[in-house]
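Structure, as structure tokens:
There are 2 protein chains.
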Amino acid sequence: MTIQLYDLCGASKDLRFSPACWRTRMALEHKGLNYETVPTMFTDIPSIAGGGQRTVPVIEDGEQIVRESYDIAVYLERTYPDKPSLFDGEGGLQLSRFMHWWTGATVDAGIVKLVLADIHSILDQADQSYFRESREKRFGKALEEVQNQSDETLQAFRASLLPLRLALKKHDFLGGDAPIYADYCVFGSFQWARMVSDLTLLEGDDPVAQWFERCLDLFDGLGRKAKG
Amino acid sequence: MTIQLYDLCGASKDLRFSPACWRTRMALEHKGLNYETVPTMFTDIPSIAGGGQRTVPVIEDGEQIVRESYDIAVYLERTYPDKPSLFDGEGGLQLSRFMHWWTGATVDAGIVKLVLADIHSILDQADQSYFRESREKRFGKALEEVQNQSDETLQAFRASLLPLRLALKKHDFLGGDAPIYADYCVFGSFQWARMVSDLTLLEGDDPVAQWFERCLDLFDGLGRKAKG
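Chains as they are written, first to last, in the working numbering: chain A, 132 to 359; chain B, 132 to 359.
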């Protein structure tokens with residue numbers, strides 16, 4: 132059985148940039164499961180997987196439809212317990228919930244202000260209209276006013292990563308010697324920025340940057356190869 | 132064998148307020164180990180456990196001397212694998228390292244600005260001199276200038292807890308249905324504030340406040356009873 136992953140794409144179907152979809156893709160790789168990605172635009176989402184979806188990732192695993200990146204990871208762990216563990220135990224599964232929310236509230240919230248207009252620029256025309264309208268409503272101003280790549284904004288973003296930096300200072304991954312789902316969770320956000328923008332988010336000697344490079348090398352360089 | 136925990140105290144030896152010492156104490160309780168606390172003032176630290184210590188907690192377990200709250204938790208887990216697990220697996224142990232740093236960089240860093248002068252007020256006279264000198268050097272201003280309990284500071288602190296709030300919204304503990312070390316790690320910080328100050332840190336309907344109340348009830352109300 133091949134799992135279908137509905138994976139957000141840009142105007143180019145090969146441009147896969149959603150942080151949450153990257154989490155799921157890395158989780159599928161880690162589990163060593165057969166899967167294929169279905170390129171999906173924002174405006175396709177309501178019609179995928181039988182309809183009624185509002186966000187991606189969504190996976191179809193036979194009859195099962197599962198959505199939300201953390202819930203998908205838990206589903207994969209429970210459904211395929213004999214495959215390599217995403218969490219290394221129940222404590223890891225529970226704390227990955229915190230990691231999910233920390234990533235959203237800190238990393239994603241920081242990155243979105245740095246690249247919001249860049250995201251718009253890689254979308255298909257229909258998606259561009261949807262994206263501009265929905266995001267300008269959410270932020271209360273134009274995409275180009277939200278996006279701020281000033282040195283001050285970058286410094287504040289880098290400072291917000293302090294706990295990640297300290298946790299990675301003496302370890303290759305959040306999982307220790309090897310990556311676990313928490314690594315993929317945070318990786319997705321940096322990969323998102325990398326896929327849509329040429330902005331240098333991190334300084335080269337930052338342990339976070341070095342960890343991200345290690346993540347780009349995983350699974351035969353899957354993340355690295357995704358950007359030509 | 133009874134483990135000795137060197138536990139920071141105020142002018143009253145019964146007033147135990149160190150966030151890191153509370154982490155260790157809750158971990159010892161969780162493990163169900165025999166231990167006793169040794170009330171220790173800041174100015175006692177250099178002479179405890181054979182000398183050369185700079186911070187507490189320090190534990191003595193027979194010949195073993197272990198320091199630093201996270202390292203102590205890992206030591207207890209590895210040394211007493213048959214006792215209830217603090218991490219529920221290796222993934223939990225690894226992600227607790229991130230939780231440790233997140234707590235320090237976010238929760239402790241926020242609380243210290245709210246209660247720094249309150250901490251001073253509960254110390255013994257010799258400790259007061261040490262504390263004022265070392266902390267005023269660290270912050271570059273008077274304790275009373277650092278401490279700011281304005282509504283704006285409180286709101287910013289509460290906002291910084293968003294990932295914790297979201298992770299606890301549908302779960303009793305960071306560990307899920309039952310507490311694990313990550314809960315004790317964050318608990319220690321809120322207990323620190325509670326022990327030294329009457330400031331209301333959290334609004335009553337905040338899931339974080341409700342989780343903290345559950346933590347105060349653990350181990351026959353150990354944390355709650357610590358403050359008369």
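C-beta atoms are modelled at their ideal positions from N, C-alpha and C, and glycine is treated no differently.
So D202 (chain B) and V169 (chain B) are in contact, right, with Cβ under 8 Å, and what is the actual spacing, rounded?
Contact doesn't hold; Cβ gap of about 19 Å is too wide.
Taking the runs of the beta strand (DSSP E) that are 3 residues or longer, which of them lie wholly in the stretch 147-230 of chain B?
Correct list: 166-171, 189-192, 195-198.
Could you give the DSSP three-state label for D329 (chain A): helix, strand or coil?
It is coil, neither helix nor strand.
Check whether chain A comes within 9 Å of H161 (chain B), counting only Cβ atoms and requiring the distance to be less than that.
No, no contact with chain A.
Are the C-beta atoms of T210 (chain A) and some chain B residue less than 9 Å apart?
No, T210 (chain A) does not count as interfacial toward chain B.
Can you pull the DSSP bridge partners for D138 (chain B)?
The beta-bridge partner set that DSSP reports for D138 (chain B) consists of B:P170.
K268 (chain B) - containing alpha helix (DSSP H), residue span:
256-270 is the extent of the alpha helix (DSSP H) around K268 (chain B).
Local conformation of G335 (chain B) per DSSP, three classes:
For G335 (chain B), the secondary structure class from DSSP, reduced to helix, strand or coil, is coil.
Relative to the C-alpha of F218 (chain B), which candidate in B:G306, B:G163, B:Q184 has its C-alpha closest?
Of B:G306, B:G163, B:Q184, the residue nearest in Cα terms is B:G306.
Please check the pair W153 (chain A) and F288 (chain A), which I expect to be a contact at CB under 8 Å, by giving their CB distance rounded to whole angstroms.
With 8 Å as the limit, W153 (chain A) and F288 (chain A) do not qualify as a contact, their Cβ atoms being about 19 Å apart.
In chain D, what lies closer than 8 Å to T237 (chain A) by C-beta?
Reference to chain D is not applicable here, since the protein chains of this structure are A and B.
Inspect the beta-carbon positions of M395 (chain B) and L349 (chain B) and report whether they are closer than 9 Å.
No answer is possible for residue 395 (chain B): it lies beyond the span of chain B, which begins at 132 and ends at 359.
If I measure Cβ to Cβ from E267 (chain B) and keep anything under 7 Å in the same chain, skipping five residues before and after, which residues do I get?
The residues A273, L274, in chain order, have a CB closer than 7 Å to that of E267 (chain B) in the same chain once the five nearest residues on each side in sequence are set aside.
Given A204 (chain B), which residues of its chain have a CB within under 6 Å of its CB, disregarding the five upstream and five downstream residues?
Answer for A204 (chain B): A158, L217, Y312, listed in chain order.
Relative to the alpha-carbon of L164 (chain A), which residue among A:T171, A:I134, A:G193 has its alpha-carbon at the smallest distance?
Looking at the Cα atoms, A:I134 is the closest of the given residues.
Which residues in chain B sit within 9 Å of S227 (chain A), going by Cβ to Cβ distance?
By Cβ distance, chain B contributes G222, L226.
What are the residues that DSSP puts in a beta bridge with F304 (chain A)?
Note: F304 (chain A) sits in a beta bridge opposite A:G307.
So, is the C-beta of A392 (chain B) closer than 9 Å to a C-beta in chain A?
One cannot answer for residue 392 (chain B) here, as it falls past the ends of chain B, which runs 132 to 359.
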